[in-house]
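See below for the structure under consideration.
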Amino acid sequence: MAAHRLDTVVVFGVGLIGGSFALGLKAAGAAKRVIGLGRNPANLERALELGVIDEACDDPAAVAAADLVLLATPVGQMGAVMRAIAPHLGTGTVVTDGGSTKQDVVALAYRLLKGRAAQFVPGHPIAGAEHSGVAAARADLYVNRKVVLTPLPENSERSIRRVRAAWRLCGARLYRMQPAEHDRIFAAVSHLPHLLSYALVDQVARHPNGRQLFEYAAGGFRDFTRIASSHPEMWRDICVANRKALLQELSGYQRELAEVKQLLQKGDAAGLEKIFARARAARNKWLQKQQ
98 MAAHRLDTVV
108 VFGVGLIGGS
118 FALGLKAAGA
128 AKRVIGLGRN
138 PANLERALEL
148 GVIDEACDDP
158 AAVAAADLVL
168 LATPVGQMGA
178 VMRAIAPHLG
188 TGTVVTDGGS
198 TKQDVVALAY
208 RLLKGRAAQF
218 VPGHPIAGAE
228 HSGVAAARAD
238 LYVNRKVVLT
248 PLPENSERSI
258 RRVRAAWRLC
268 GARLYRMQPA
278 EHDRIFAAVS
288 HLPHLLSYAL
298 VDQVARHPNG
308 RQLFEYAAGG
318 FRDFTRIASS
328 HPEMWRDICV
338 ANRKALLQEL
348 SGYQRELAEV
358 KQLLQKGDAA
368 GLEKIFARAR
378 AARNKWLQKQ
388 Q
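Note that my numbering has the sequence shown beginning at 98, numbered continuously upward.
Given below as structure tokens:
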């Protein structure tokens with residue numbers, strides 16, 4: 098196999114994440130053949146029509162000849178996929194994933210891939226969007242986006258390099274951390290915001306005059322709740338899988354809300370403004386770093 102040239106790539110879950118990975122590799126001329134597998138035959142047919150994959154398949158044995166396998170399913174499906182591919186993995190096949198939680202996925206790899214766990218290099222592309230499905234996939238999704246790898250001690254440098262090279266060919270910037278650290282960080286800055294967004298929309302929808310509230314909702318509500326349009330199954334799995342770290346962050350948020358509530362009850366305008374100004378400064382500083 099030529100440097101950075103993958104003869105066969107297998108993608109489980111050809112949606113936004115998996116489909117964009119396939120398109121990114123194709124755009125870079127780095128994948129000779131991409132095989133897609135998934136639960137939804139109609140979605141795979143659409144992926145074929147769009148040129149995202151070259152072949153649709155329902156046989157997990159397709160991984161036997163693969164150079165690289167991406168597991169891009171919701172984390173709740175990772176176990177079933179690992180169990181299905183474990184007997185078929187070739188000695189030269191490297192497996193990675195796009196899951197938003199890492200400790201649970203690593204535990205599954207050790208339990209289900211067993212002697213092949215060393216061939217699994219866990220990863221997480223930080224490039225999600227509120228839209229899902231293969232129609233949302235695009236070749237430039239990962240350009241200048243972060244991808245975090247949480248390699249196992251058993252991973253060979255050769256396997257890690259293959260995964261890093263694939264993501265770099267998609268335009269991503271690579272970072273490395275431990276699975277537990279990853280899960281703590283993303284509980285705070287990704288999983289909690291999604292939980293809050295879903296909860297707010299549900300609260301408004303269940304309000305006695307919910308229909309009227311939605312009629313008057315505008316930009317602020319739209320911005321805060323954009324991510325509540327994300328895939329419910331995927332975020333259900335993420336929240337359950339990372340519930341320990343997420344509950345810690347939720348408790349911290351509840352303490353913050355209790356402080357704000359107390360200030361409101363007292364009519365403490367200066368106290369509220371202090372919190373708002375501190376939050377505004379922190380957000381503006383973060384936004385400047387994104388430019």
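Where is the CB? At the ideal position from N, CA and C, for every residue including glycine.
Cβ shell of residue i (< 6 Å), same chain only, five flanking positions each side left out
{"i": "alanine 128", "result": "Leu103, Val106, Leu122"}
{"i": "valine 240", "result": "Gly268"}
{"i": "alanine 236", "result": "Leu120, Gly121, Ala124"}
{"i": "valine 192", "result": "Val166, Gln216, Phe217"}
{"i": "leucine 238", "result": "Ser117, Ala224"}
{"i": "alanine 367", "result": "none"}
Cβ-based burial, residue i [other Cβ within 10 Å; buried from 16]
{"i": "lysine 150", "result": "One detail in the question is off: residue 150 reads as isoleucine in this sequence, not lysine. Flag for isoleucine 150 reads buried."}
{"i": "isoleucine 182", "result": "buried"}
{"i": "phenylalanine 373", "result": "exposed"}
{"i": "asparagine 140", "result": "buried"}
{"i": "alanine 302", "result": "exposed"}
{"i": "glutamate 353", "result": "exposed"}
{"i": "glutamine 200", "result": "buried"}
{"i": "alanine 378", "result": "exposed"}
{"i": "glutamine 388", "result": "exposed"}
{"i": "leucine 384", "result": "exposed"}
{"i": "glycine 136", "result": "It is worth fixing the name first, because residue 136 is arginine in this sequence and not glycine. Exposed is the call here."}
In DSSP terms, what residue i is bridged to
{"i": "leucine 103", "result": "Ala128"}
{"i": "lysine 243", "result": "Arg270"}
{"i": "phenylalanine 217", "result": "Val192"}
{"i": "valine 108", "result": "Gly133, Leu167"}
{"i": "glutamine 222", "result": "Residue identity check: residue 222 is proline in the sequence provided, not glutamine. Note: proline 222 sits in a beta bridge opposite Val244."}
Distance, residue j Cα to residue i Cα
{"i": "alanine 159", "j": "valine 286", "result": "36 Å"}
{"i": "isoleucine 257", "j": "isoleucine 132", "result": "22 Å"}
{"i": "leucine 145", "j": "valine 245", "result": "29 Å"}
{"i": "arginine 109", "j": "leucine 168", "result": "A small fix is needed here, since residue 109 is phenylalanine in this sequence, not arginine. Going by the C-alpha atoms only, they are around 5 Å apart."}
{"i": "proline 184", "j": "glycine 196", "result": "22 Å"}
{"i": "valine 203", "j": "proline 276", "result": "8 Å"}
{"i": "leucine 292", "j": "arginine 323", "result": "12 Å"}
{"i": "alanine 262", "j": "alanine 224", "result": "17 Å"}
{"i": "threonine 190", "j": "glycine 116", "result": "20 Å"}
{"i": "glycine 364", "j": "lysine 358", "result": "10 Å"}
{"i": "glutamine 351", "j": "leucine 344", "result": "10 Å"}
{"i": "arginine 130", "j": "asparagine 339", "result": "34 Å"}
{"i": "alanine 153", "j": "alanine 161", "result": "15 Å"}
{"i": "leucine 347", "j": "glutamate 312", "result": "30 Å"}
Cutoff 7 Å; reference residue i; Cβ partners in own chain excluding five residues on either side
{"i": "arginine 265", "result": "Leu271"}
{"i": "leucine 205", "result": "Met175, Gly176, Met179"}
{"i": "isoleucine 335", "result": "Val172, Ser197, Thr198, His288"}
{"i": "arginine 213", "result": "Ala183, Leu186"}
Chain D within 8 Å of residue i, Cβ atoms only
{"i": "lysine 382", "result": "Here chain D cannot be found, since the structure has a single protein chain."}
Same chain, Cβ closer than 8 Å to residue i, neighbours up to 5 away in sequence not counted
{"i": "histidine 304", "result": "Leu310"}
- Task: Entirely within the segment 247-317 and at least 4 residues each: give me those alpha helix (DSSP H) ranges in chain order.
- Result: 254-266, 276-283, 289-303, 307-313
- Message: What ranges does the beta strand (DSSP E) occupy inside the segment 125-204, keeping only unbroken runs of at least 3 residues that lie completely in it?
- Response: 128-134, 165-168, 191-194
- Item | Completely contained beta strand (DSSP E) runs for the segment 307-376, where each covers 3 or more residues | none
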